[in-house]
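**Q**
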Amino acid sequence: MVDILSVDETFTTHMLGYNFSLPFFITSCGGGGYLHEDGELNLIKGASNQNILYIASMSASKSQEEIADAAADDQVYFQQFYNRGWDGAKLKSYLDSVEKYGAKAIAFTIDSAGDGDRWRAARWGSITDLPILLKGITTADDAKKAIEHGVDAIYLSNHGGRQLDGAPSGFETALEIFQEAPGVFQQIEVYAEGGVRSAGDVLKLLVLGVRAVGVGRLFMYSLVYGTDGVIKAAEILKHELTINAQNLGLGNLGDIDGTYLQRRMFPSL
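For the sequence shown, the positions run 1 to 269 when UniProt numbering is used.
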């Protein structure tokens, strides 16, 4: 028998050396101002309240400075970035501003259609001291290449499924890595997003070896209710995670691994 009553006390995780209370985070989403006048300021405040990561979008309705001003003094957040074909000077200026305003890492997005700069991020070490996580990995081969190029973390994503119809989801990519290159999960921190609508979806990704799970739409819906809505969404997701973990018989979320997969659903495993 397993004591499952305190499993919620084991939900902490760490990402790039920073500690967070929950294994899910608010991923980058733009246009928050369409949902609430304070837009992304609610997201970063809600993330602070729950001690979860927030990744600010380059397409946010609020500026880097406004988002930084809304952050708590000790809050850790990352900044998402697209390379828009800028020359070296403009690129360095932007990356310097990211560091200036307090973001602790750069989520370099490569899952946008037409992006031809897939591995250029690996050479940014000469122009920024910030860690770089590569966002948009969709194959096990790309995951292995990212490790070879020395990025700090990888992020499985298909850009919300709206850039290339039929692109594999974060779960499908995680499953491919689990099947074909399971060592990736030990060699580098792996995050994933895409289609996460409940704590059950979070657990499915954790089972495969993902370190933390990005959630977008749920938090964007909650944004209609401002910071309180963001906090409530995180609390609901945590409550669901507790119930699901208990029903799996987990006393410690850190014990979750591939043995919890229903292998009849994946006969090739």
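C-beta: ideal position from N, C-alpha, C; glycine also. As the structure is a computational prediction, the values presented were derived from the model and not from experiment.
Which residue spans inside the stretch 195-237 form an unbroken alpha helix (DSSP H) run of at least 4?
**A** Fully enclosed alpha helix (DSSP H) runs of 4 or longer: 199-208 and 217-222.
**Q** With DSSP as the reference, identify every bridge partner of I13, one or two as the case may be.
**A** First, the amino acid is wrong: residue 13 is Thr here, not Ile. According to DSSP, T13 bridges with F20.
**Q** Does the stretch 81-93 come into contact with the stretch 5-13, if we say contact requires no fewer than three beta-carbon pairs (one atom in each stretch) closer than 8 Å?
**A** In short, these stretches do not touch, since the Cβ pair count stays below three.
**Q** Enumerate in chain order the residues of its own chain whose CB-to-CB distance from G216 is below 7 Å, with the five nearest sequence positions on each side excluded.
**A** These residues qualify, in order along the chain: T27, C29, G160 and E193.
**Q** Compute the Euclidean distance between the alpha carbons of A103 and L133, then round it to the nearest angstrom.
**A** Roughly 13 Å between the two C-alpha positions.
**Q** For K100, which residues does DSSP report across the bridge?
**A** The partner list for K100 (beta bridge, DSSP) is empty, contrary to what the question assumes.
**Q** Sort out for me which residues DSSP pairs L241 with in a bridge.
**A** Answer by DSSP bridge pairing: none, since L241 is not bridged.
**Q** Answer yes if the stretch 247-259 comes into contact with the stretch 67-84, meaning at least three C-beta pairs across the two stretches below 8 Å, and no otherwise.
**A** Contact between the stretch 67-84 and the stretch 247-259 is absent, because fewer than three Cβ pairs lie under 8 Å.
**Q** Can you give me the Cβ contacts of Y155 inside the same chain, cut-off strictly under 6 Å, excluding the 5 residues immediately before and after it?
**A** Around Y155: L133, K135 and Y191.
**Q** Considering just the uninterrupted stretch of the alpha helix (DSSP H) at A136, what are its terminal residues?
**A** According to the sequence displayed, residue 136 carries Gly and not Ala. First-last for G136: I132 to I137, but that is the beta strand (DSSP E), not the alpha helix (DSSP H).
**Q** Pick from G150, E148 and F178: whose alpha carbon is nearest that of L205?
**A** Residue F178 is the option with its Cα nearest to L205.
**Q** Go through its chain and collect everything with a Cβ distance to L130's Cβ below 8 Å, but skip five positions before and after it.
**A** Cβ neighbours of L130 beyond the five flanking positions: L95, V98, E99, A103, K104, A105 and I106.
**Q** Closest to S57 by CA distance: which of F78, D74 and M15 is it?
**A** Selected option, being the one with the closest Cα: F78.
**Q** List the DSSP bridge partners of E180.
**A** Paired residues: none, contrary to the question.
**Q** Report the residue from K145, G85, N252 and L261 whose alpha carbon sits nearest the alpha carbon of D201.
**A** The shortest C-alpha separation from D201 is found at L261.
**Q** Less than 8 Å separating the beta-carbons of V46 and G39?
**A** Here the sequence assigns Gly to residue 46, which means Val is not the residue at that position. No, they are not a contact pair.
**Q** To which residues does DSSP link A56 through a beta bridge?
**A** In DSSP, A56 forms a bridge with Q79.
**Q** Taking the beta carbon of Y221 as the centre, do at least 16 other beta carbons fall within 10 Å, making it buried, or is it exposed?
**A** By the 10 Å Cβ count, Y221 comes out exposed.
**Q** Using the beta-carbon count (16 or more within 10 Å), is F20 buried or exposed?
**A** Per the 10 Å Cβ criterion, buried.
**Q** Check L95 in the structure and name its three-state DSSP category.
**A** It is helical.
**Q** According to DSSP, is V7 part of a helix, a strand, or is it coil?
**A** Three-state DSSP puts V7 in a helix.
**Q** Got a sec, what are the start and stop residues for the alpha helix (DSSP H) E40 sits in?
**A** First-last of the alpha helix (DSSP H) with E40: E40 to Q50.
**Q** Can you give me the Cβ contacts of E240 inside the same chain, cut-off strictly under 7 Å, excluding the 5 residues immediately before and after it?
**A** These residues qualify, in order along the chain: S198 and A199.
**Q** Counting only the same chain and skipping the five closest in sequence on each side, list residues whose C-beta sits under 6 Å from that of L237.
**A** Result list for L237: A199, in chain order.
**Q** Between which two residues does the alpha helix (DSSP H) holding I127 run?
**A** Taken as a continuous stretch (DSSP letters only), I127 belongs to no alpha helix (DSSP H), as it is neither H nor E.
**Q** So what's I26 in DSSP terms, helix, strand or just coil?
**A** DSSP places I26 in strand when its eight states are reduced to three.
**Q** Could you pull out every residue in the same chain whose Cβ sits closer than 6 Å to the Cβ of A234, ignoring the five residues on either side in sequence?
**A** Here the set comprises Q50.
**Q** Determine the contact status of V213 and F81, defining contact as a CB-CB distance below 8 Å.
**A** No. Outside cutoff.
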